[in-house]
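K.L.:
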Amino acid sequence: MYDLIIIGAGPAGLSAAVTAYEAGLEKILLIERDSELGGILNQCIHNGFGLHLFKEELTGPEFAGRFIEKLRDTNVEVMSDTMVLDISEDHTVSLVNSSGYQHIKGKAIILAMGCRERTRGAIAIPGSRGSGVYTAGTAQRYMNMDGYLVGKRIVILGSGDIGLIMARRMTLEGAKVLACVEINPYSSGLQRNIKQCLEDFDIPLYLSHTITDIRGYPRVNQVVVSKVDEKFRPIARSEMVFDCDTVLLSIGLIPENELSKSAGIVLDPRTKGPRVWENMETSVDGIFACGNVVQVHDLADNVAAEAKKAALAAARYVQQNRQQDGELELKTAGNVTYTVPQHIHLPLSEKLVEVSFRTNRVFGKCAVVVADREGNAVCRYSREYITPGELQKISIPAKLLEDKEEYLTVKVVEEQK
Ligand SMILES: Cc1cc2nc3c(=O)[nH]c(=O)nc-3n(C[C@H](O)[C@H](O)[C@H](O)COP(=O)(O)OP(=O)(O)OC[C@H]3O[C@@H](n4cnc5c(N)ncnc54)[C@H](O)[C@@H]3O)c2cc1C
Numbered sequence: 274m275y276d277l278i279i280i281g282a283g284p285a286g287l288s289a290a291v292t293a294y295e296a297g298l299e300k301i302l303l304i305e306r307d308s309e310l311g312g313i314l315n316q317c318i319h320n321g322f323g324l325h326l327f328k329e330e331l332t333g334p335e336f337a338g339r340f341i342e343k344l345r346d347t348n349v350e351v352m353s354d355t356m357v358l359d360i361s362e363d364h365t366v367s368l369v370n371s372s373g374y375q376h377i378k379g380k381a382i383i384l385a386m387g388c389r390e391r392t393r394g395a396i397a398i399p400g401s402r403g404s405g406v407y408t409a410g411t412a413q414r415y416m417n418m419d420g421y422l423v424g425k426r427i428v429i430l431g432s433g434d435i436g437l438i439m440a441r442r443m444t445l446e447g448a449k450v451l452a453c454v455e456i457n458p459y460s461s462g463l464q465r466n467i468k469q470c471l472e473d474f475d476i477p478l479y480l481s482h483t484i485t486d487i488r489g490y491p492r493v494n495q496v497v498v499s500k501v502d503e504k505f506r507p508i509a510r511s512e513m514v515f516d517c518d519t520v521l522l523s524i525g526l527i528p529e530n531e532l533s534k535s536a537g538i539v540l541d542p543r544t545k546g547p548r549v550w551e552n553m554e555t556s557v558d559g560i561f562a563c564g565n566v567v568q569v570h571d572l573a574d575n576v577a578a579e580a581k582k583a584a585l586a587a588a589r590y591v592q593q594n595r596q597q598d599g600e601l602e603l604k605t606a607g608n609v610t611y612t613v614p615q616h617i618h619l620p621l622s623e624k625l626v627e628v629s630f631r632t633n634r635v636f637g638k639c640a641v642v643v644a645d646r647e648g649n650a651v652c653r654y655s656r657e658y659i660t661p662g663e664l665q666k667i668s669i670p671a672k673l674l675e676d677k678e679e680y681l682t683v684k685v686v687e688e689q690k
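In terms of the numbering used here, the sequence shown opens at residue 274 and continues consecutively.
Quick look at the structure:
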């Protein structure tokens with residue numbers, strides 16, 4: 274029996290493993306299906322990682338390397354090339370690797386399986402079925418890990434960070450990126466990526482546009498891009514035709530939760546990840562989750578911090594050192610689409626409760642307001658700018674929540690200029 278089993282060795286799993294060891298757990302197992310540790314970071318060879326955590330600008334593999342180095346000084350057992358197939362509510366983990374199929378048990382489990390990309394089928398783009406249509410992350414893996422340039426004339430659908438970063442990467446490798454096309458009136462990527470990956474390379478960003486036809490067989494040779502109205506319906510006679518051989522799709526990520534479902538964990542239909550408490554525990558006692566499997570993060574630094582929280586809570590669970598009497602639900606209002614966590618244990622063991630959320634529209638000068646059951650503001654955080662592409666965070670002082678009952682509501686309100 275392990276004290277703790279961690280599934281997935283991206284930044285979430287690595288940070289959780291190191292933290293759990295430092296918190297005193299003795300028998301920890303880290304399981305990874307890939308042959309290398311590091312998760313998605315191994316294909317992110319650009320810099321921009323670690324600015325918050327290490328106060329340095331690292332590449333993805335360097336960021337992962339910092340944790341892998343630390344892991345070497347621990348007695349954490351690592352099983353790579355091992356796929357977890359199932360988890361049950363009683364913490365039995367079923368896995369397969371070259372030694373065969375086996376079941377193992379952990380007193381606690383941390384889920385850190387990351388997320389997967391949405392594909393062409395998910396948004397049903399019409400047109401022929403020629404080759405040359407890739408998700409941006411797949412193209413990134415081919416490019417950065419296998420040394421394979423997927424095309425020469427590229428159109429990118431979606432302005433998520435992976436698409437933006439691939440626009441720059443393909444350009445640097447000699448391909449021509451003709452356009453980045455975004456259905457929303459705003460980009461879903463980080464502002465810094467729009468500047469550094471599109472504007473610096475004169476790559477046009479078409480907001481409120483989408484691809485309405487992909488042409489060419491056996492290889493893509495054209496795409497049709499149309500303007501859309503406020504209900505995302507293509508506007509007739511607004512079509513532009515691009516001669517290209519490749520389409521990259523950066524149209525969203527979905528938390529990887531097949532295992533969470535098999536364990537009977539309650540998922541949030543908004544995040545598509547487990548509903549979690551403030552300590553990252555899921556609805557199943559002793560099973561915790563962190564990183565992109567819970568919500569899609571922009572920054573690996575935040576993933577590592579969230580994993581630390583999950584690992585400390587898992588250690589407390591194994592060491593049977595916790596006290597929980599009451600609970601508060603976190604509801605959303607207005608343009609806030611979800612919060613993580615979705616509920617809070619009382620009394621709180623930490624001085625601050627960190628809450629992250631996204632909105633479904635852009636705000637200028639505004640305030641994030643947390644209100645109690647009676648609608649009274651418990652706390653308020655001013656913001657100059659909020660965009661759906663950037664994960665928002667607030668920290669609520671625990672002492673403000675001591676006498677609160679049933680639920681809190683998180684909303685964003687516009688502030689007068
Ligand atoms: C293209 C791109 C660019 C990015 N750029 C930046 C940036 O500039 N700066 C920044 O801070 N962040 C950036 N990020 C974000 C950051 O990389 C991610 O948020 C982070 O890697 C998520 O960490 P994770 O551990 O949750 O998931 P992952 O890194 O995806 O790791 C999950 C791991 O779980 C394993 N796994 C899944 N299922 C199983 C199973 N059943 N059995 C065993 N193992 C399993 C996977 O193989 C994987 O290794 C970028 C992300 C992408 C995709």
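Glycine is no exception: its CB is placed at the ideal position from the N, C-alpha and C atoms.
With a threshold of 16 other CB atoms inside 10 Å of the CB of E305, please say whether the residue is buried or exposed.
P.N.:
What you label residue 305 is simply residue 32 of the sequence shown in a count that begins at 1. With 16 or more Cβ atoms within 10 Å of its Cβ, E305 is classed as buried.
K.L.:
Would you kindly report the start and end of the unbroken alpha helix (DSSP H) that includes E335?
P.N.:
Residue mapping note: residue 335 aligns to position 62 of the sequence shown, counting from 1. It spans 333–345 - the alpha helix (DSSP H) in which E335 sits, taken as one unbroken run.
K.L.:
What are the start and end residues of the beta strand (DSSP E) that includes A452?
P.N.:
Along the sequence shown, one-based indexing puts residue 452 at 179. Start and end: 449–454.
K.L.:
Helix, strand or coil: which one does DSSP assign to R442?
P.N.:
Start at 1 with the first residue of the sequence shown, and residue 442 comes out as number 169. In the structure shown, R442 sits in a helix (DSSP, three-state: H, G or I).
K.L.:
Would you say P284 touches ligand 1, meaning its beta carbon is less than 7 Å from a heavy atom?
P.N.:
As a working note, residue 284 is residue 11 in the sequence shown. Yes; taking the cut-off as 7 Å, the Cβ of P284 has a heavy atom of ligand 1 nearer than that.
K.L.:
Might you give, ordered along the chain, the residues of its own chain that have their beta carbon closer than 6 Å to the beta carbon of G599, omitting 5 neighbours on each side?
P.N.:
Here residue 599 refers to the residue found at position 326 when the sequence shown is read from its first residue. Hits under 6 Å: L619.
K.L.:
I301 and Y275 - do their beta-carbons sit closer together than 8 Å?
P.N.:
Position 2 of the sequence shown, counted from the start, is the residue given in the question as residue 275. Position 28 of the sequence shown, counted from the start, is the residue given in the question as residue 301. Cβ distance < 8 Å, so Y275 and I301 count as in contact.
K.L.:
To the nearest whole angstrom, what separates the beta carbons of G387 and G564, a pair I think is in contact under 8 Å?
P.N.:
Sequence index remark: in the sequence shown, residue 387 carries index 114 (1-based). Sequence index remark: in the sequence shown, residue 564 carries index 291 (1-based). G387 to G564, Cβ: 6 Å. Contact.
K.L.:
Name the two residues that bound the continuous beta strand (DSSP E) containing T555.
P.N.:
For this step, residue 555 is matched to residue 282 along the sequence shown. No beta strand (DSSP E) contains T555, which DSSP labels as neither H nor E.
K.L.:
Would the beta-carbon of A573 fall within 8 Å of that of T292?
P.N.:
One-based indexing of the sequence shown puts residue 573 at position 300. One-based indexing of the sequence shown puts residue 292 at position 19. No. Outside cutoff.
K.L.:
Could you check if G281 belongs to the surroundings of ligand 1, using beta carbon to heavy atom distance under 7 Å?
P.N.:
Stepping through the sequence shown from its first residue, residue 281 is reached at position 8. Answer for G281: yes, Cβ within range of ligand 1.
K.L.:
Do L303 and A337 have their C-beta atoms within less than 8 Å of each other?
P.N.:
Counting from 1 along the sequence shown, the entry for residue 303 is found at position 30. Counting from 1 along the sequence shown, the entry for residue 337 is found at position 64. No, the pair does not count as a contact, with Cβ atoms beyond the cut-off.
K.L.:
For D691, does the three-state DSSP call read helix, strand or coil?
P.N.:
As displayed, the chain neither begins before 274 nor continues past 690, which places residue 691 out of reach and without an answer.
K.L.:
Can you tell me whether DSSP reads N315 as helix, strand or coil?
P.N.:
The residue labelled residue 315 in the question sits at position 42 within the sequence shown. Three-state DSSP puts N315 in a helix.
K.L.:
My assumption, with CB atoms under 8 Å, is that R428 sits in contact with F515. Please give the rounded CB distance.
P.N.:
Translated into the one-based positions of the sequence shown, residue 428 becomes position 155. Translated into the one-based positions of the sequence shown, residue 515 becomes position 242. The identity of residue 428 in the sequence shown is Val, whereas the question assumes Arg. Going by Cβ atoms, the distance from V428 to F515 rounds to 5 Å, so yes, they are a contact pair.
K.L.:
Please classify G297 as buried or exposed, where buried requires at least 16 neighbouring CB atoms within 10 angstroms.
P.N.:
Here residue 297 corresponds to residue number 24 of the sequence shown, with the count starting at 1. Looking at its Cβ environment, which holds fewer than 16 other Cβ atoms inside 10 Å, G297 is exposed.
K.L.:
Pull the bridge partners of Y275 from the DSSP assignment, please.
P.N.:
Residue mapping note: residue 275 aligns to position 2 of the sequence shown, counting from 1. Answer by DSSP bridge pairing, in chain order: G379.
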